[in-house]
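A quick write-up on the structure given underneath.
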Amino acid sequence: MRWKYKFGYSLYDETLNKPIADITSGDSYTTTGFNQTLTQPTIGNPLGNPAYPGYTASNGPNWVDYLTVEYNATATLTYNLAYGGATIDSALVAPYLPTVSSVAEQVENEWFPTYAAKPSSTPWSSDDSLFAVFDGINDVGNSYYQGLPATTTLNAAIFDVYAGLVEMLYLAGGRNFAFLNVPPVDRSPLMLAQSTSAQALEKADIAAWNTALTSLASNLKRNHSDVNIFIVDTNTLFTKVLNNPASFPQTAVYHNTTAYCDAYQNGTPTPDYFDLSCGIPVNEYFWLNSLHPTYPMHNVLAEEVASQLKAGPNVC
1 MRWKYKFGYS
11 LYDETLNKPI
21 ADITSGDSYT
31 TTGFNQTLTQ
41 PTIGNPLGNP
51 AYPGYTASNG
61 PNWVDYLTVE
71 YNATATLTYN
81 LAYGGATIDS
91 ALVAPYLPTV
101 SSVAEQVENE
111 WFPTYAAKPS
121 STPWSSDDSL
131 FAVFDGINDV
141 GNSYYQGLPA
151 TTTLNAAIFD
161 VYAGLVEMLY
171 LAGGRNFAFL
181 NVPPVDRSPL
191 MLAQSTSAQA
201 LEKADIAAWN
211 TALTSLASNL
221 KRNHSDVNIF
231 IVDTNTLFTK
241 VLNNPASFPQ
251 TAVYHNTTAY
261 CDAYQNGTPT
271 PDYFDLSCGI
281 PVNEYFWLNS
291 LHPTYPMHNV
301 LAEEVASQLK
311 AGPNVC
């Protein structure tokens, strides 16, 4: 199966195999700083704006970048609407700033007005387009501390919105969907600085979120037999690397998987920059800062997404 266009939603974001439309939505793990009102993706410039790799949180290319230009089986045009700090619905879980565009806003205020009508600049079709969503990190991170039963009620409300957004995309012609679950950010430096009880609470909420995402995908397939659905288990993938960086050639460079260096946390002049105060180069840290992994992890994630797309849908 091949797609020309990739439409992604933070589900955080995902990539494709031919002139495809890949539309991605999500948060800082996915964003490249794309603005749908500026330069659009073309064969020679597949991510549109800004210039590759864009504005990422990985100190280099992120998984959307890699998926678009390195692991694509064919030309892929990526429309990456993801926004750093995004939650599914800002009315349910507030982002760190009120100006952050939620996944709901990415879909309703950006994708629909700009692309739903299949303009001549983006003549996508149901067959050649993938809608990818990588989100939930901020939803969980900004609410897990409420504990049970509050998070159960909240997650149910969030997934009602999430399912509604996917249904809107289906009615607009979307038939290929990739959903990325929440990685083990309970093991991030941000959470390792918290109590063990806080870490356990977030870990449990991540598990609940990921279970709900699997249910969303199953329900979508049950309601619409003509959809192709891919669930990407980032949680298992990240856990594998955190436990053993040598699990993949790209991440074998990691020598620190629990901390970050202050001198690197806001980005560095080059992807493999070395500051003596940090002991090792920036790309040998799994974590760039308190929450975001460096580009080698994104490289592995993109490879996994591409592998799953090649293998075919995994939700029946």
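Counting in the UniProt record's numbering, the sequence shown runs from 1 upward without gaps. Glycine included, every Cβ here is placed at the ideal spot set by N, Cα and C. All figures in this text were calculated on a predicted structure; none of them were measured in a lab.
Original post:
In whole angstroms, what is the alpha-carbon distance linking D205 and L242?
Top reply: Annotation: D205 to L242 spans about 20 Å, alpha carbon to alpha carbon.
**OP:** Specify the secondary structure class of P293 as computed by DSSP and reduced to three states.
**Re:** Reduced to three states, the DSSP call for P293 is strand.
Original post:
What is the rounded straight-line gap between the Cα of F177 and the Cα of N223?
Top reply: Straight across, the Cα-Cα distance linking F177 with N223 is about 14 Å.
Original post:
Within 7 Å: the Cβ of S101 and any heavy atom of the ligand NAD?
Top reply: Ligands displayed in this structure: none; no statement on the ligand NAD is therefore possible.
Original post:
At which residues does the alpha helix (DSSP H) containing T152 begin and terminate?
Top reply: Run containing T152: A150 to L171, per the alpha helix (DSSP H) assignment.
**OP:** With a 10 Å radius around its C-beta and 16 neighbouring C-beta atoms as the bar for buried, classify T211 as buried or exposed.
**Re:** For T211, the number of other beta carbons within 10 angstroms of its own is below 16, and it is reported as exposed.
Original post:
Is there contact between the region 235–250 and the region 262–273, where contact requires at least three CB pairs shorter than 8 Å?
Top reply: No, the region 235–250 does not touch the region 262–273.
**OP:** Can you tell me which of the three DSSP states L77 falls into?
**Re:** For L77, the three-state secondary structure derived from DSSP is strand.
**OP:** Report the three-state DSSP secondary structure of A21 (helix, strand or coil).
**Re:** It is a strand residue.
Subject >> Beta-bridge pairing of W287 - partner residues as DSSP gives them >> reply: According to DSSP, W287 bridges with P293.
Original post:
Residues bridged to T42 by DSSP?
Top reply: According to DSSP, which records beta bridges pairwise, T42 is partnered with N45.
Subject >> Other residues of its chain near G8: CB distance less than 8 Å, five sequence neighbours each side excluded >> reply: Residue confidence is low: G8 scores 45 on pLDDT, short of 50, so the model does not pin down where it sits. No coordinate-derived value is stated.
Subject >> S218, enclosing alpha helix (DSSP H) - first and last residue >> reply: Note, S218: alpha helix (DSSP H), T196 to N223.
Original post:
Straight-line CA distance for A163 to W124?
Top reply: A direct Cα-to-Cα measurement between A163 and W124 gives close to 22 Å.
**OP:** Note down the Cα distance separating Y254 from E303, rounded to an integer number of angstroms.
**Re:** Straight-line Cα distance between these residues: approximately 18 Å.
**OP:** Going by CA-CA distance only, name the one from V103, T251 and C261 that's closest to G136.
**Re:** When only C-alpha atoms are compared, the closest one is V103.
Original post:
Could you check where the beta strand (DSSP E) with V133 kicks off and where it finishes?
Top reply: Going by DSSP, V133 is part of the beta strand (DSSP E) stretching over S129 to F134.
Original post:
Taking the alpha-carbon positions, what's the P119 to N181 distance?
Top reply: Using only the alpha carbons, I get a separation of about 31 Å.
Original post:
Does the separation of the CB atoms of Y144 and E202 fall below 8 Å?
Top reply: Going by C-beta atoms, Y144 is nearer than 8 Å to E202.
Original post:
Where in the region 230–265 do unbroken runs of the alpha helix (DSSP H), each at least 4 residues long, occur, reported from the N-terminal end onward?
Top reply: With a minimum length of 4 residues, the continuous alpha helix (DSSP H) runs that stay inside the region 230–265 are 234–243.
**OP:** Give a yes or no on whether the C-beta atoms belonging to Y66 and N299 are separated by under 8 Å.
**Re:** Taking 8 Å as the Cβ cut-off, Y66 and N299 qualify as a contacting pair.
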